[in-house]
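Counting in this note's numbering, the sequence shown runs without a single skipped number right up to 366 at its last residue. Structure first, then comments.
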Amino acid sequence: MLTFTLRRLILAIPTLLFISLVIFLLLQLAPGDPMAQVPLTVPPEVKEKMREALGLGQPVYVQYWKWIVQFFWIEPQVLIDNMFGTNLTEGKLRVISWQTRSPVMDIVYQRLPQTLWVVGVAYLVGILIALPIGIYSAYKQYSVFDNAGTFITMVGFSVPPFFSGVLVIVIFAVNLGWFPSIYDTTHKVSDWASFKVQLNQMFLPVMVLALQITSQISRFMRASMLDNLNQDYVRTARAKGLGEWHVVMVHVLRNSMIPVVTVIALGIPSIFGGAIITEQVFKVNGIGQLLITSIQANDLPMVQTLTFIFAVLIVLFNLVADVLYGILDPRIRYD
Numbered sequence: 032m033l034t035f036t037l038r039r040l041i042l043a044i045p046t047l048l049f050i051s052l053v054i055f056l057l058l059q060l061a062p063g064d065p066m067a068q069v070p071l072t073v074p075p076e077v078k079e080k081m082r083e084a085l086g087l088g089q090p091v092y093v094q095y096w097k098w099i100v101q102f103f104w105i106e107p108q109v110l111i112d113n114m115f116g117t118n119l120t121e122g123k124l125r126v127i128s129w130q131t132r133s134p135v136m137d138i139v140y141q142r143l144p145q146t147l148w149v150v151g152v153a154y155l156v157g158i159l160i161a162l163p164i165g166i167y168s169a170y171k172q173y174s175v176f177d178n179a180g181t182f183i184t185m186v187g188f189s190v191p192p193f194f195s196g197v198l199v200i201v202i203f204a205v206n207l208g209w210f211p212s213i214y215d216t217t218h219k220v221s222d223w224a225s226f227k228v229q230l231n232q233m234f235l236p237v238m239v240l241a242l243q244i245t246s247q248i249s250r251f252m253r254a255s256m257l258d259n260l261n262q263d264y265v266r267t268a269r270a271k272g273l274g275e276w277h278v279v280m281v282h283v284l285r286n287s288m289i290p291v292v293t294v295i296a297l298g299i300p301s302i303f304g305g306a307i308i309t310e311q312v313f314k315v316n317g318i319g320q321l322l323i324t325s326i327q328a329n330d331l332p333m334v335q336t337l338t339f340i341f342a343v344l345i346v347l348f349n350l351v352a353d354v355l356y357g358i359l360d361p362r363i364r365y366d
């Protein structure tokens with residue numbers, strides 16, 4: 032398993048470099064001018080100097096190489112500086128946002144907690160609800176619980192967040208007044224009272240996102256459990272006199288988790304990508320909203336960095352899913 036993990040990590044390097052090249056070239060071909068938002072009163076020669084200051088006058092391969100060095104070499108050093116108080120990056124140029132003229136990763140670090148508070152908690156809540164529902168629905172197939180769960184999950188999976196988000200705002204924020212309709216990104220959690228305020232303002236966006244996540248994962252869990260409940264090894268385990276709880280929760284559940292692990296692991300990068308629509312509906316100042324505003328402002332360094340971070344997370348969690356396969360099913364041998 033260790034050899035497999037190391038081999039996959041080494042192979043991930045050329046994969047990520049190729050992905051970064053594709054993202055860079057595609058964004059270079061995208062229409063738009065970073066100087067488009069500069070006032071018309073600014074003389075053309077000044078705009079040209081501003082364009083050169085952003086590095087746009089250099090060849091494409093030079094721009095790509097600079098971005099690679101900044102992302103893979105300078106930004107990790109910035110992290111080390113922040114953690115240990117060193118000065119490794121003093122005087123070195125980082126990836127700069129064209130829109131804000133500040134380092135891209137600093138803005139990402141500022142927005143990430145808001146996304147994790149909402150999307151991360153929703154994902155965790157969704158998993159915790161989905162797994163028991165999927166297990167019990169499969170065990171009690173065609174029961175009232177199974178039919179009700181199927182109906183609710185189909186509704187949750189079919190209704191888009193821009194509709195369900197507005198619907199819960201109208202019901203719980205406007206009519207009942209139980210929760211705020213807009214997420215306050217300036218709120219700081221410092222004590223129990225502020226933590227309750229945070230939970231209160233998180234409730235509606237988390238509920239909308241958790242409904243979709245629960246619907247998706249519970250369907251996978253139910254289908255995987257049904258496939259295993261009718262296998263010969265289950266009948267053998269029951270014939271040996273094992274208790275029903277032991278058969279289902281030990282033997283069936285372990286084998287059923289293999290495909291579900293893939294869905295859960297590959298869904299984790301979406302947490303860091305942000306829920307774009309939900310963040311827009313509830314005005315959460317997170318990564319998803321940052322990506323939208325960066326695209327609208329033609330801020331290529333920001334879009335490029337966010338897209339590449341998303342690609343890195345997908346490659347990483349693919350590896351995590353493969354490792355979990357080996358843990359859940361000892362028959363899988365990677366070495």
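The beta carbon of each residue, even a glycine, is placed where N, CA and C say it ideally should be. Note that the coordinates shown come from a computational prediction; the quantities given were computed from them, not determined experimentally.
In the DSSP assignment, Met-136 falls within the alpha helix (DSSP H) that extends over 135 to 146.
By the criterion of at least three beta-carbon pairs nearer than 8 Å, the segment 216 to 226 is not in contact with the segment 271 to 278. Bridge partners of Ile-127 according to DSSP: Pro-134. Contact between Gly-317 and Val-149 holds: their C-beta atoms lie close to 7 Å from each other, under 8 Å.
Excluding its 5 nearest sequence neighbours in each direction, Ala-342 has C-beta neighbours in its own chain below 6 Å: Ile-50, listed in chain order. Residue environment for Tyr-154: buried (at least 16 other C-beta atoms within 10 angstroms of its C-beta).
Straight-line measurement puts the Cα of Leu-87 at about 14 Å from the Cα of Glu-76.
Counting every other CB atom within 10 Å of its CB across the protein chains shown gives Met-333 a total of 16 or more, marking it as buried.
Spanning the alpha carbons of Val-156 and Ala-241 requires a straight line of approximately 6 Å. Note on geometry: alpha-carbon atoms of Thr-336 and Ile-127 lie some 10 Å from one another.
Close CB contacts of Pro-300 within its chain, under the 7 Å cut and outside five residues either way in sequence, are with Phe-341, Leu-344, Ile-345 and Phe-348 (chain order). For His-277, the three-state secondary structure derived from DSSP is helix.
Assigned with DSSP and collapsed to three states, Gln-243 falls in helix. Contact between Val-239 and Ser-195 holds: CB atoms are separated by about 5 Å, below the 8 Å threshold. For Tyr-356, the enclosing alpha helix (DSSP H) begins and ends at 331 to 359. Check the Cα spacing between Asp-258 and each of Val-279, Val-315, Val-291 and Ser-287: the tightest is with Ser-287. When the five nearest sequence neighbours on each side are left out, the beta carbons in the same chain lying within less than 6 Å of the beta carbon of Asp-112 are those of Leu-119 and Thr-120, in order along the chain. For Ile-308, the CB contacts under 6 Å within the same chain, skipping 5 residues up- and downstream, are Pro-192 and Phe-193 in chain order.
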